[in-house]
Amino acid sequence: MPTTPRIVAELGRPETPQETADRKAASSQAYRSSKTFRNLVTALLVTLAVVAVIVLAVPRGSLAEPEPVDVAAAAAEAQERIDHRLIVPEVPSDWRANSARLEGSTWRVVYAPQQGFVRIAQGIGVDDGWVSQTLGGFAPSGDVAIDDLDWEVYEIPAAARADNISYALATRAGGDTILIYGAMDADTAAVAAEGIADQVRRLQEETP
């Protein structure tokens, strides 16, 4: 028995073959579009989940600071190579030692106090121009006595150097020259000078 064409309510009559084909095509297109949208949403959710896992897996907090340098051990090792007494500063416990090494004829220790930095250098057998050369040509602006030792004072304008060195003290220790310099004030430099005073005197006594 022939099938009676379905009457479409919107048309009030049966669909023509072309209208039926158009309707099916539109339905298929709507289905494909809906499926594509669902796939995009699923992919986005998967991507967000992966990102969340990566973020949660990354350790939180800052990197741990390296251990402070053992100045005494470094000095003992260097002394064996050059057979010369090297100063080992006695400084406050909150001054972190960042470096202690022999650089040519200079033994240099670098500390980080609460603010700025302090370098304590021992020029072994250096000439009179070593301090000026190290400080970029600056001349002393005065002198000061700290723990019965006389020191030349260098006050360096903030804009004069790119490495932020602002203050320095220098004194002779027998055949060596001791230089305390860095981004610091006079009080901080005095603390460093007091911490090496006995060792400076010992170097002076050992030199004929």
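For the record, in the sequence shown the residue sitting at position 123 is 1193 according to the working numbering, with numbers rising by one throughout.
For every residue, glycine included, the Cβ atom is placed at its ideal position computed from N, Cα and C.
Asked	Found
Residue(s) in a DSSP beta bridge with L1249	A1191 and A1240
Closest residue to D1164 among V1188, I1157, L1114 and G1199 (Cα-Cα distance)	V1188
Counted within 10 angstroms of its Cβ, other Cβ atoms place V1201 as buried (16 or more) or exposed	buried
DSSP-derived helix/strand/coil call for A1167	strand
Buried/exposed call for S1236, threshold 16 Cβ in 10 Å	buried
Same chain only: Cβ atoms within 6 Å of M1254, ignoring 5 sequence neighbours per side	G1186, V1188 and Y1237
Nonlocal neighbours in the same chain, by C-beta distance under 7 Å from V1139, ignoring five residues either side	A1167, N1168, S1169 and A1170
Cβ neighbours of D1283 in the same chain (closer than 7 Å, five flanking residues each side left out)	Residue 1283 lies beyond the stretch modelled for the chain, which goes from 1071 to 1278, so this question has no answer here.
When A1259, G1252, G1244 and G1265 are compared against E1275, the one with the closest alpha-carbon	G1244
Whether P1210 touches V1196 by CB criterion (8 Å)	no
Which of helix, strand or coil DSSP assigns to G1212	strand
Proximity of P1162 and V1261 at Cβ, strictly below 8 Å	yes
Same chain, Cβ closer than 7 Å to G1207, five either side skipped, listed in chain order	none
Option nearest D1218 by Cα separation, candidates E1264, A1182, Q1184 and A1145	E1264
Whole-Å CB distance - I1248 paired with I1226, under 8 Å assumed	So it is not a contact: roughly 18 Å between Cβ atoms.
Delimiting residues of the beta strand (DSSP E) encompassing T1176	T1176 to A1182
Best match in D1246, L1239 and G1252 for proximity to A1228 [C-alpha to C-alpha]	G1252
Exposure label - Q1184; buried when at least 16 CB within 10 Å	exposed
Local Cβ density within 10 Å of D1246, reported as buried at 16 or more and exposed below that	buried
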